[in-house]
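J.:
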Amino acid sequence: MALLDNLLTLHRVDSQVRALSSRVGQAKIYLEAQEKLLTLLEKQKVELATQSRQLQASVHGLELEQTTASERVEKLRNELNTSTNDKQYKAILNEMKVLETRKDEIVKRAVDEMQRVEETAKRVEVHTATIAERLKIREVAKGKLAECMSDVGERLAELENERTRAADLIPERDRMLFDRVADLTEGQTMAEVTIVDLRHREFACGECNIEVPFETYARLSSNSDSVIQCKSCARILFLASFNRPEEKAKAAKLEKADSDRVKADLKAEVKAGLKDDAKAERALRADKAKFEKTRKL
Ligand SMILES: [Zn+2]
Numbered sequence: 036m037a038l039l040d041n042l043l044t045l046h047r048v049d050s051q052v053r054a055l056s057s058r059v060g061q062a063k064i065y066l067e068a069q070e071k072l073l074t075l076l077e078k079q080k081v082e083l084a085t086q087s088r089q090l091q092a093s094v095h096g097l098e099l100e101q102t103t104a105s106e107r108v109e110k111l112r113n114e115l116n117t118s119t120n121d122k123q124y125k126a127i128l129n130e131m132k133v134l135e136t137r138k139d140e141i142v143k144r145a146v147d148e149m150q151r152v153e154e155t156a157k158r159v160e161v162h163t164a165t166i167a168e169r170l171k172i173r174e175v176a177k178g179k180l181a182e183c184m185s186d187v188g189e190r191l192a193e194l195e196n197e198r199t200r201a202a203d204l205i206p207e208r209d210r211m212l213f214d215r216v217a218d219l220t221e222g223q224t225m226a227e228v229t230i231v232d233l234r235h236r237e238f239a240c241g242e243c244n245i246e247v248p249f250e251t252y253a254r255l256s257s258n259s260d261s262v263i264q265c266k267s268c269a270r271i272l273f274l275a276s277f278n279r280p281e282e283k284a285k286a287a288k289l290e291k292a293d294s295d296r297v298k299a300d301l302k303a304e305v306k307a308g309l310k311d312d313a314k315a316e317r318a319l320r321a322d323k324a325k326f327e328k329t330r331k332l
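Under my numbering, the letters of the sequence shown match residues 36 to 332, in that order.
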């Protein structure tokens, strides 16, 4: 078989291998995305737990501060009762005022912090539920990958063997080129040359539509071992089977056989025709003779 035919066979198997591999690949990517998301969620959970602990400690600290301030106020109240002069009385009263204001602030802050503790607890709850949900999805993704591997595995192995056999028929240099183009074009390695206008010698790459020079078409149509890449998309160009040299030779042979047969038929017909003509002439002559005889009588 010609090199281009071998390349086309390799292309057919290669794209099947790629399609199946990509099914497994997609299932893997999906599972990996789920794993990544779970890792992120777990990290956020740890952060939320830390935040919650810090908030609780802060509330606890404020509670202690509030107790200390209350105790101090109580002490000052006693001192107020036992104060001996106006100046001392005023000073104690003033401190008590300041402390009361601070206590109010502490209470306000404690209320705010407690609210944040509650909010964080709620977030932890929602987060935990999300993680549980995501764990289920991860299990589904794992199952899908396993299913895909068992579905595809055997067929993929078969196709990979077939691919190796097809590749073995191709010289190393062309095989390396094929692999390079296949990676570049995600398996769309071969491109058929489209005949835009044969009379005006206009041709195009069937994949990227860029113009293909006449020389390329001429080389491909005279030699099926020519490996020529599209100048634009790098794909390996080929001609539709009826334009390939071996097919053209076959067609020409058939055409010749057809025309020979037609010629032979024609000859036979002509011969038969001539025979008929001679017969007719003989009949005519006989008729004439008969007529002459009758006239003479
Ligand atoms: Zn192209």
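In this text, a Cβ means the ideal position worked out from N, Cα and C, and glycines have one as well.
Look at the alpha carbon of residue 220 and the alpha carbon of residue 166, and state the distance between them as a whole number of angstroms.
T.: Within the sequence shown, residue 220 is the residue found at index 185, counting from 1. Within the sequence shown, residue 166 is the residue found at index 131, counting from 1. Between residue 220 and residue 166, the C-alpha separation is close to 39 Å.
J.: Sorted by chain position, which residues of the same chain lie with C-beta nearer than 8 Å to residue 108's C-beta, five sequence neighbours on each side aside?
T.: Start at 1 with the first residue of the sequence shown, and residue 108 comes out as number 73. Answer for residue 108: 131, 134, 135 and 138, listed in chain order.
J.: What does the alpha-carbon distance come out to for the pair residue 218 and residue 208?
T.: Your numbering for residue 218 matches position 183 in the sequence shown. Your numbering for residue 208 matches position 173 in the sequence shown. Near 16 Å, if we compare the C-alpha coordinates of residue 208 and residue 218.
J.: Using only the heavy atoms of ligand 1, determine whether one of them is closer than 7 Å to the beta carbon of residue 215.
T.: Numbered from its first residue, the sequence shown carries residue 215 at position 180. No.
J.: Can at least three beta-carbon pairs, one atom from the region 154-170 and one from the region 83-93, be found at a separation below 8 Å?
T.: Short answer: they touch.
J.: Which first and last residues belong to the alpha helix (DSSP H) in which residue 114 is found?
T.: For the purposes of this step, residue 114 is taken as residue 79 along the sequence shown, with counting starting at 1. Start and end: 38-117.
J.: Cβ atoms of residue 277 and residue 227: under 8 Å apart, would you say?
T.: What you label residue 227 is simply residue 192 of the sequence shown in a count that begins at 1. What you label residue 277 is simply residue 242 of the sequence shown in a count that begins at 1. No, they are not a contact pair.
J.: Can you find the residues in the same chain that come closer than 8 Å, C-beta to C-beta, to residue 163, ignoring five residues on each side of it along the sequence?
T.: Within the sequence shown, residue 163 is the residue found at index 128, counting from 1. Answer for residue 163: 80, listed in chain order.
J.: Under 7 Å from any heavy atom of ligand 1, does the C-beta of residue 275 make it?
T.: Start at 1 with the first residue of the sequence shown, and residue 275 comes out as number 240. Checking every heavy atom of ligand 1 against the Cβ of residue 275, none is found closer than 7 Å.
J.: Helix, strand or coil, according to DSSP, for residue 239 in the structure here?
T.: Position 204 of the sequence shown, counted from the start, is the residue given in the question as residue 239. Of the three classes helix, strand and coil, the one that applies to residue 239 here is strand, per DSSP.
J.: Using 8 Å for Cβ pairs, my map puts residue 263 next to residue 255. What's the rounded Cβ distance?
T.: Residue mapping note: residue 263 aligns to position 228 of the sequence shown, counting from 1. Residue mapping note: residue 255 aligns to position 220 of the sequence shown, counting from 1. 7 Å between Cβ atoms; contact.
J.: For residue 269, name the three-state secondary structure that DSSP assigns.
T.: The residue you call residue 269 lines up with position 234 of the sequence shown. Looking at residue 269 - three-state DSSP - the assignment turns out to be coil, as it is neither helix nor strand.
J.: For residue 315 and residue 322, what's the separation of their Cα atoms in angstroms?
T.: By one-based count along the sequence shown, residue 315 stands at place 280. By one-based count along the sequence shown, residue 322 stands at place 287. Rounded to whole angstroms, residue 315 to residue 322 spans 10 Å at the Cα level.
J.: Starting from the N-terminal end, write out each residue whose C-beta falls within a distance shorter than 6 Å of any non-hydrogen atom of ligand 1.
T.: This selection yields 226, 240, 242, 243, 245, 265, 267, 268 and 270.
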